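Asker:
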Amino acid sequence: MGIAIIWIMLFHWPELFRSVPLVSFVTKRGMTGVEMFLLVSGIGLFYSMTKNENVKEFYIKRALRVLIPYLVISLPYWIWQDLWVKKDIGKFFLDYSLLAFWKSGDREVWYIALILGLYAVYPLIFKCFLKGGAVYKKAVLMALSLILPLIIYAVNPSYFAVTEIAFWRISSFVLGSLLAVWVMEGHKFSRMQFLGIAAAAIGTVAIVIVINHMVSVAGIFRVVYLPIGFICCFLSAVILWLLDCSWLNRLLSKFGACSLELYLIHIFLRSLYEYYVLGDGSDNSLMNTIVIPCITIALSIVLSMLAHKLIDKIKLGSK
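For the sequence shown, the positions run 1 to 319 when UniProt numbering is used.
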């Protein structure tokens, strides 16, 4: 999670590496960090439900981990943007409740809107598709996660165009849960199975390219990042294991622990930067494109760690 949030954060600050093509190429693919997040979330939720199937306790844990941090951190931002700048109280309630994304595709906190929706239906998914040994149910679940965006596109293309960023990502979350199932079942992959998985990944990419060429479905290119996200998670784990660097592992663990807070804070500070500093983008001075972004990123990290500690105290007080 630490690597994923760093990658996402750098993706949101393209100004930093425009003059360094190789680094810029990597940071521009930072959207893959979202796939990594969702993959790990799917794995974590499956383990959580397997250990304790109490739905009430499941929802309480998810609310403490995601909903409370969101409500605390986002409130000042929405007050500034909707009440101070836009002077629109209706927009404030839509944004703060996350309905703005599902209603009109406002993307500032789309990930939170998606993940809370997935958390809400996960106990049902677990019971209907993941619990037990029926392989066909798991295959159906994966197929549904890939077909659902196409169904929504067919029903309402204009609505799908503004919300596709979330719908295409559901398959990464589902894949994470399926991987957790296979691990818990002690499934061992043969060489042929590995080749089959590789062929399926290549086939998926090929199908996406063909469909996109024929129909041009909004955001369909994101399906390519499904196998890439899995590969990046796997490679990250292998590289960290090979490096066996304790200080690096501790640092990434700290980033991972406050990843949600860092995700929210850096997005909100980015918006402030665009409003007060970037403006129309005509000023490309070193101060505006390097110094202030670096200061803002550093501030995001410090504030996220402070927010994480504060929210932990709020959680303890609520128990």
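By construction, the Cβ of each residue, glycine as well, lies at the ideal position given by its N, Cα and C atoms.
Model, not experiment: these values are computed from the prediction.
1. Whose C-alpha, out of Tyr96, Leu71, Pro69, Leu67, is nearest the C-alpha of Gln81?
2. Considering only the alpha carbon of each residue, which of Phe173, Met1, Leu16, Ile6 lies closest to Leu286?
3. In whole angstroms, what separates the C-alpha of Asn52 from that of Val109?
4. Tell me where the alpha helix (DSSP H) around Trp110 begins and ends.
5. Select from Pro14, Leu75, Leu242, Phe221 the residue whose C-alpha is nearest the C-alpha of Thr289.
6. Using C-beta distances below 6 Å, list every residue in its chain close to Lys87, excluding the 5 sequence neighbours before and after it, in chain order.
7. Say whether the region 157-173 touches the region 99-114, bearing in mind that this needs 3 or more beta-carbon pairs closer than 8 Å, one atom from each stretch.
8. Can you name, in chain order, every residue of its own chain whose Cβ lies under 7 Å from the Cβ of Met31, other than the five neighbours on each side?
9. Cutting at 8 Å between CB atoms, please list the residues of its own chain near Val40, excluding the five before and the five after it.
10. Can you tell me whether DSSP reads Arg107 as helix, strand or coil?
11. What are the start and end residues of each continuous beta strand (DSSP E) run of 3 or more residues lying completely inside the region 16-42, in chain order?
12. What's the call for Glu57, buried or exposed, on a 16-neighbour Cβ count within 10 Å?
13. Taking just the CA atoms, how far does Trp168 sit from Pro149?
14. Pro69 and Ile228 - do their beta-carbons sit closer together than 7 Å?
15. Would you mind sorting Tyr77 into buried or exposed? The rule is 16 or more other CB atoms within 10 Å of its CB.
16. Reducing DSSP to helix, strand and coil, say where Arg169 ends up.
17. Report the three-state DSSP secondary structure of His12 (helix, strand or coil).
18. Does the Cβ-Cβ distance between Phe93 and Leu83 come in under 7 Å?
19. Can you tell which of Ile314, Asn284, Met305 has the C-alpha that lies nearest to the C-alpha of Ser19?
20. Decide if Ser74 is buried, meaning its Cβ has at least 16 other Cβ atoms within 10 Å, or exposed.
21. Report buried or exposed for Ile79, applying the criterion of at least 16 other Cβ atoms within 10 angstroms of its Cβ.
22. Sort Val135, Met36, Val72 by Cα distance to Val313 and report the nearest one.
23. Terminal residues of the continuous alpha helix (DSSP H) containing Leu257?
Answerer: So, from the listed chains and residues:
1. For this step, residue 81 is matched to residue 81 along the sequence shown. The shortest C-alpha separation from Gln81 is found at Tyr96.
2. What you label residue 286 is simply residue 286 of the sequence shown in a count that begins at 1. Answer by Cα proximity: Leu16.
3. Translated into positions along the sequence shown, residue 52 becomes position 52. Translated into positions along the sequence shown, residue 109 becomes position 109. The straight-line gap from Cα to Cα measures roughly 29 Å.
4. If you number the sequence shown from 1, residue 110 lands on position 110. Per DSSP, Trp110 is one residue of the alpha helix (DSSP H) stretching across 110-125.
5. The sequence position of residue 289 within the sequence shown is 289, counting from 1. Checking every option, the nearest Cα to that of Thr289 belongs to Pro14.
6. Counted from its first residue, the sequence shown places residue 87 at position 87. The answer is none, since no qualifying residue turns up.
7. Short answer: they touch.
8. To locate residue 31, count along the sequence shown from 1; it is residue 31. Correct list, in chain order: Phe11, Tyr225.
9. Working through the sequence shown from its first residue, we reach residue 40 at position 40. Counting only Cβ-Cβ distances below 8 Å, and skipping sequence neighbours, we find Met1, Ala4, Gly176, Cys233.
10. Position 107 of the sequence shown, counted from the start, is the residue given in the question as residue 107. Reduced to three states, the DSSP call for Arg107 is coil.
11. Listed in chain order, there is nothing to give.
12. In the sequence shown, the residue the question calls residue 57 occupies position 57. Answer is exposed; the Cβ neighbour count stays below 16.
13. The residue you call residue 149 lines up with position 149 of the sequence shown. The residue you call residue 168 lines up with position 168 of the sequence shown. Answer to the nearest angstrom: the Cα atoms are 6 Å apart.
14. Residue mapping note: residue 228 aligns to position 228 of the sequence shown, counting from 1. Residue mapping note: residue 69 aligns to position 69 of the sequence shown, counting from 1. No; because the gap between Cβ atoms is not below 7 Å, this pair is not in contact.
15. Taking the first residue of the sequence shown as position 1, residue 77 is located at position 77. Result: buried.
16. The residue you call residue 169 lines up with position 169 of the sequence shown. Coil at Arg169, not helix or strand.
17. Against the sequence shown, residue 12 aligns to sequence position 12. His12 falls in the coil class under three-state DSSP.
18. Counted from its first residue, the sequence shown places residue 93 at position 93. Counted from its first residue, the sequence shown places residue 83 at position 83. No; because the gap between Cβ atoms is not below 7 Å, this pair is not in contact.
19. For the purposes of this step, residue 19 is taken as residue 19 along the sequence shown, with counting starting at 1. Nearest C-alpha to Ser19: Asn284.
20. In the sequence shown, the residue the question calls residue 74 occupies position 74. Label assigned to Ser74: buried.
21. To locate residue 79, count along the sequence shown from 1; it is residue 79. Label assigned to Ile79: exposed.
22. The sequence position of residue 313 within the sequence shown is 313, counting from 1. This sequence places Lys at residue 313; Val is not what is there. Measuring from the Cα of Lys313, the nearest candidate turns out to be Val72.
23. For the purposes of this step, residue 257 is identified with residue 257 of the sequence shown, where counting begins at 1. The amino acid occupying residue 257 in the given sequence is Ala; Leu does not appear at that position. That run of the alpha helix (DSSP H) goes 246-257.
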